[in-house]
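Peer 1: For the record, the sequence lines run as chains A and B. Just so you know, we're using the numbering used here here: the first sequence kicks off at 1 and counts up by one. Just so you know, we're using the numbering used here here: the second sequence kicks off at 1 and counts up by one. For glycine and all other residues, C-beta sits at the position ideal for the given N, C-alpha and C.
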Amino acid sequence: MLPIRQRLPGESRVWLTAMGLSIGLAMVATLLGVVGWYGIGVFWPKRVIEYRVLEDGKTSQVAGVVVQRRSKIGTKGEPIEEIQLYTGNRETYGLAFRYLAVPSIKEAPTPQNILLVERVENGNLIAYPNELISLGGQTVKPDDPTFTPRLHALLEEVADRREEIYALERHEIGKISRRLNELRRSKQDSDAPAIAELEQRSTELSAKAKELRKRQNEHTLAVTLPTGEKKRYSLEKLIDAYYPNQLGTMARCGRFFANIWNFASQRPRESNTEGGIWPAIFGTFFMTILMSAAVVPFGVITAIYLREYAKQGPMVRSVRIAINNLAGVPSIVFGVFGVGFFVYFVGANIDQWFFSNKLPEPTYGTGGILWAALTLALMTVPVVIVATEEAIAAVPRGAREGSLACGASKWQTIQRIILPASVPGILTGLILAMARGAGEVAPLMLVGVVKLAPTLTIDGTWQSEDLIPFVHLHQKFMHLGFHIYDLGFQSPDSDAARPMVFATTLLLILLVLVLNLTAILMRDRLRRRFAISAF
Amino acid sequence: MTTMTTPPAMRPNTPAQVMPISSRDNAAATVDAKGSISIRDYDFFYGKTQALFGIGMEIPARQVTALIGPSGCGKSTLLRNINRMNDLIDGISHRGDILIDGKTIYNPHLEVTSLRKRIGMVFQKSNPFPKSIYENVVYGLRVAGVNDKAALDQACEQALRAGALWEEVKDRLEASALGLSGGQQQRLCIARAVAVKPEILLMDEPCSALDPIATGKIEELILELKKDFTVVIVTHNMQQAARASDRTAFFYLGKLIEYDSTLKIFTNPGQKQTEDYITGRFG
Numbered sequence: 001m002l003p004i005r006q007r008l009p010g011e012s013r014v015w016l017t018a019m020g021l022s023i024g025l026a027m028v029a030t031l032l033g034v035v036g037w038y039g040i041g042v043f044w045p046k047r048v049i050e051y052r053v054l055e056d057g058k059t060s061q062v063a064g065v066v067v068q069r070r071s072k073i074g075t076k077g078e079p080i081e082e083i084q085l086y087t088g089n090r091e092t093y094g095l096a097f098r099y100l101a102v103p104s105i106k107e108a109p110t111p112q113n114i115l116l117v118e119r120v121e122n123g124n125l126i127a128y129p130n131e132l133i134s135l136g137g138q139t140v141k142p143d144d145p146t147f148t149p150r151l152h153a154l155l156e157e158v159a160d161r162r163e164e165i166y167a168l169e170r171h172e173i174g175k176i177s178r179r180l181n182e183l184r185r186s187k188q189d190s191d192a193p194a195i196a197e198l199e200q201r202s203t204e205l206s207a208k209a210k211e212l213r214k215r216q217n218e219h220t221l222a223v224t225l226p227t228g229e230k231k232r233y234s235l236e237k238l239i240d241a242y243y244p245n246q247l248g249t250m251a252r253c254g255r256f257f258a259n260i261w262n263f264a265s266q267r268p269r270e271s272n273t274e275g276g277i278w279p280a281i282f283g284t285f286f287m288t289i290l291m292s293a294a295v296v297p298f299g300v301i302t303a304i305y306l307r308e309y310a311k312q313g314p315m316v317r318s319v320r321i322a323i324n325n326l327a328g329v330p331s332i333v334f335g336v337f338g339v340g341f342f343v344y345f346v347g348a349n350i351d352q353w354f355f356s357n358k359l360p361e362p363t364y365g366t367g368g369i370l371w372a373a374l375t376l377a378l379m380t381v382p383v384v385i386v387a388t389e390e391a392i393a394a395v396p397r398g399a400r401e402g403s404l405a406c407g408a409s410k411w412q413t414i415q416r417i418i419l420p421a422s423v424p425g426i427l428t429g430l431i432l433a434m435a436r437g438a439g440e441v442a443p444l445m446l447v448g449v450v451k452l453a454p455t456l457t458i459d460g461t462w463q464s465e466d467l468i469p470f471v472h473l474h475q476k477f478m479h480l481g482f483h484i485y486d487l488g489f490q491s492p493d494s495d496a497a498r499p500m501v502f503a504t505t506l507l508l509i510l511l512v513l514v515l516n517l518t519a520i521l522m523r524d525r526l527r528r529r530f531a532i533s534a535f
Numbered sequence: 001m002t003t004m005t006t007p008p009a010m011r012p013n014t015p016a017q018v019m020p021i022s023s024r025d026n027a028a029a030t031v032d033a034k035g036s037i038s039i040r041d042y043d044f045f046y047g048k049t050q051a052l053f054g055i056g057m058e059i060p061a062r063q064v065t066a067l068i069g070p071s072g073c074g075k076s077t078l079l080r081n082i083n084r085m086n087d088l089i090d091g092i093s094h095r096g097d098i099l100i101d102g103k104t105i106y107n108p109h110l111e112v113t114s115l116r117k118r119i120g121m122v123f124q125k126s127n128p129f130p131k132s133i134y135e136n137v138v139y140g141l142r143v144a145g146v147n148d149k150a151a152l153d154q155a156c157e158q159a160l161r162a163g164a165l166w167e168e169v170k171d172r173l174e175a176s177a178l179g180l181s182g183g184q185q186q187r188l189c190i191a192r193a194v195a196v197k198p199e200i201l202l203m204d205e206p207c208s209a210l211d212p213i214a215t216g217k218i219e220e221l222i223l224e225l226k227k228d229f230t231v232v233i234v235t236h237n238m239q240q241a242a243r244a245s246d247r248t249a250f251f252y253l254g255k256l257i258e259y260d261s262t263l264k265i266f267t268n269p270g271q272k273q274t275e276d277y278i279t280g281r282f283g
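1. Would you call the segment 465–475 of chain A in contact with the segment 315–327 of chain A, where contact means no fewer than 3 C-beta pairs closer than 8 Å?
2. On a CA-only basis, which of R40(B), T49(B), V64(B), G47(B) is nearest I200(B)? Give me that one, please.
3. In the DSSP assignment, the alpha helix (DSSP H) including K272(B) goes from what residue to what residue?
4. Who are the Cβ neighbours of T505(A) in its own chain at under 7 Å, not counting the five residues just before and after it?
5. Within the present structure, is the beta-carbon of Q490(A) separated from the nearest heavy atom of the ligand ATP by less than 6 Å?
6. How about L183(A) and D191(A): are their beta carbons less than 7 Å apart?
7. Using a C-beta cutoff of 7 Å, does V196(B) count as contacting chain A?
8. By DSSP's criteria, P103(A) is part of a beta bridge. Which residues make up the other side?
9. If I follow the unbroken beta strand (DSSP E) through D43(B), where does it start and stop?
10. Straight-line CA distance for R179(A) to V146(B)?
11. List the residues that DSSP assigns as beta-bridge partners of R243(B).
12. What span of residues does the beta strand (DSSP E) with T230(B) cover, start to end?
13. Give me the Cα-Cα distance between A244(B) and L225(B), rounded to the nearest whole angstrom.
14. K125(B) and G398(A) - do their beta-carbons sit closer together than 7 Å?
15. Let me know the beta strand (DSSP E) ranges lying completely inside the segment 160–211 of chain A, each 3 residues or longer, listed in chain order.
16. Applying the 10 Å Cβ sphere with the 16-neighbour rule, what's the burial state of W15(A)?
17. When you compare each of S60(A), A497(A), E401(A), I418(A) to E389(A) by their alpha carbons, which one comes out closest?
18. May I ask you to list, following chain order, the residues of the segment 82–93 of chain B that have a beta carbon less than 8 Å from some beta carbon of chain A?
19. At least one CB of chain B closer than 7 Å to the CB of Q412(A): is that the case?
20. Hey, quick one: how far does the beta strand (DSSP E) through I213(B) stretch, first residue to last?
21. Please list, in chain order, all residues of the same chain as L79(B) whose beta carbon is under 7 Å from its beta carbon, the five residues on each side excluded.
22. Counting only the same chain and skipping the five closest in sequence on each side, list residues whose C-beta sits under 7 Å from that of R527(A).
23. Pick helix, strand or coil for A373(A), following the three-state DSSP scheme.
24. Got a sec: which bits of the segment 91–113 of chain B sit with their beta carbon under 9 Å from any beta carbon on chain A, in order along the chain?
25. When the Cα atoms are used, what is the spatial distance from A373(A) to V223(A)?
26. So S36(B) and T230(B) are in contact, right, with Cβ under 8 Å, and what is the actual spacing, rounded?
27. Can you name the start and end residues of the alpha helix (DSSP H) that D351(A) belongs to?
28. Mind checking if K117(B) is an interface residue toward chain A, Cβ cutoff 7 Å exclusive?
29. Does the CB of G402(A) have a neighbour CB from chain B at under 7 Å?
30. Could you run through the segment 369–403 of chain A and flag, in chain order, every residue whose CB is less than 9 Å away from some CB of chain B?
31. So the candidates are G276(A), T148(A), F286(A), Q475(A); which of them puts its Cα closest to the Cα of N130(A)?
32. If contacts are defined as beta-carbon pairs under 8 Å, then P279(A) and R267(A) qualify, I think. What distance do you get, rounded to the angstrom?
33. Out of N268(B), P128(B), T274(B), A61(B), which has the shortest C-alpha to C-alpha gap to I257(B)?
34. Could you check if R95(B) is buried or exposed, using at least 16 other CB atoms within 10 Å of its CB as the buried criterion?
35. Assuming A195(B) contacts A159(B) (C-beta within less than 8 Å), just tell me the rounded distance between them.
36. Would you check if there are 3 or more beta carbon pairs closer than 8 Å linking the segment 165–185 of chain B to the segment 128–137 of chain B?
So this is what it looks like as structure tokens:
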């Protein structure tokens, strides 16, 4: 009798491999799930609930958005259910977050007429509106149907003016004062009329900005806080206002997407815990592009030499081992090298030769986006070298010989046959390099990342330091990875920063994903074009 | 079954002196047309392994010379030395000399690329570049620095006609060469090789990966090509050597055993080993 079912040796190990994969997938899914859930949740406009609380025999009122529920062990070892409430109104309460013990809550209505106001400073305001007071004494009550449209119109007007003032002070006056500094440094008498004219212009612009600022205070919103206090706020400090408990599903979704858009497109406020992260997105993106532009040519020419021209032997083998080891060096080491070499040596020398009139104020002799990109390029170049070498080695011999047999030189063969056929492999290297480079934080902290960069590294101004017009490679920049670190560990208000950490992380993941997908799509297109089949 | 072509001896452009050349014969080259190859006392080594032993051959211009012999007998090695394709391999060395039209190919002042422009090569596996048909054909001209559109167009058509491929691809010159069939790809490679107007065409088993119909087309093409080129073809196919070549050289274990007119080799071989191989007793 033959055995009906035979167990093949090693068959059970297949389960082991499948388990490994499943655990890996589960971990990735959990990671994306957690970041996605908390990150997306930040933008969803939640209801504001008013709590009437009885504590120590006294009743008090507080309104806010429920952040989380937790259970704490009390002084006598008994468990206490608590909810964490975002109450806003930081300047009045001292803290924007508060814990309420669940047993002390007597009533929890959701008032329809409570207003949530986003502000320039001190987080949100959560209060009942009383009236809108204009400069001439004209008032509008909330039960007036024109109240909400008027409030929004005025907020928009104020916001436009705020942008105008920002543009005036940052760009116009900034440009003039930079020019003034240059003229004053050169100390030539012939510049005197020009200096006078610029000073005159600067004074005019300052006066204009002051005038605009004054108009910002024309309207005031009077409110009653949930605790009963009455307050007045100039619209200058307010950004947006809405009734969170009156929103329908559609309006809530609309606000949700508007929140996402604002987060991705605005400047940060209040030590980064409010507002958007546009400068950090831009900084990360631009630095990654710069890094790619530096790492690809460098890696590819190195790989070509190693694979095509160098005589294969113990020397090349040890160079290869060294390159592979370079990929394993901790990234902070590269940061230290970047400071020592790029900033203190290359940058300082550039300053000596080209910008000596500005010294001791450094131009390139300090951290900047160029040095950060080059440092990361150095860190990721081994990946590109290895991938390119493999791609070159994978070009079939037939293609190489066919080209040489046509009378092409070695360099022509490399340039016309081998490199095009290796492009997909090179892009694979670039994808790996970008994935590592875009998420790196530690070396950047040494070579140019800052918590808050006043301007983007590309804008409409043409500075005398620019190598490429409008691109300020010497400037410091913001980076999503560092932003997360800064929010999570350096923020004065960790409760307020926590949602931002998740949202920023989500955006960092998305950015890396977008960069990688672009490279992958490019690679697939090129692979179809340059595929050497038939071999 | 295949049809025999005209017996080689009756061909009009056979040189006057066709003499049997023994493996050690150092007779001076007879140069009457461009593209004659003269191999003198040629030894070749891969590292310490000797692959060719004292080869001496006069390959006349404008004729088809077939190199036959069992696998590993050195015929491909010899072919790849004529255009110095073996230079790519590390640790090779040689003794003796190879002359094209009386001039050595090992002249240190000679650019190997200019040598390869004079000697086209077609490989065992078709190796079109991942470019358009047009760009494949004009590749040799482009690397030689020709960029004039009209000249390239003309050369492309000429070469594709010479490769008997023009009628099939004239409407899709911009299509990828990789979309062609195996036989078409091989003819494209022949067209690519002749586009630079070489004097000599080396073919390393050009039909080994093709079906009989494609093989027939390439053989017809070879007969056509010998009007303009000296053709040296390595083949494992006895019938192909008999059909397409004027002269045949039989190699065994790195030595040239017999080299004579194809008719003689196939009807009345001078050596026992040749006869055994041709009749299929070994190999």
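Peer 2: Concretely, from the data shown:
1. The answer is no - the segment 315–327 of chain A does not touch the segment 465–475 of chain A, with fewer than three Cβ pairs under 8 Å.
2. V64(B)
3. Residues 272–278.
4. V35, G39, I484
5. No copy of the ligand ATP occurs in the structure displayed, which carries no ligand at all.
6. yes
7. Yes - at least one Cβ of chain A is within 7 Å of the one on V196(B).
8. For P103(A), which the question treats as bridged, DSSP gives no partner whatsoever.
9. 37–46
10. Approximately 53 Å between the Cα atoms of the pair.
11. According to DSSP, which records beta bridges pairwise, R243(B) is partnered with nothing at all.
12. First-last of the beta strand (DSSP E) with T230(B): 230–234.
13. 11 Å
14. yes
15. Within the segment 160–211 of chain A, no complete beta strand (DSSP E) run reaches 3 residues.
16. exposed
17. Each of S60(A), A497(A), E401(A), I418(A) was checked against the Cα of E389(A), and the nearest Cα belongs to I418(A).
18. N83, M85, L88, D90
19. Chain B, which has a Cβ nearer than 7 Å to the Cβ of Q412(A), makes this yes.
20. Looking at the DSSP string, I213(B) is not in any beta strand (DSSP E); the run it does join, the alpha helix (DSSP H), is 212–225.
21. L67, L202, D204, V232, V234
22. P424
23. helix
24. Flagged, chain order: E111, V112, T113.
25. 50 Å
26. Right, their Cβ atoms sit about 7 Å apart.
27. 348–354
28. yes
29. yes
30. P396, R397, G398, A399, R400, E401, G402, S403
31. Looking only at G276(A), T148(A), F286(A), Q475(A), the smallest Cα-Cα distance to N130(A) is reached by T148(A).
32. 6 Å
33. T274(B)
34. It counts as exposed.
35. 4 Å
36. yes
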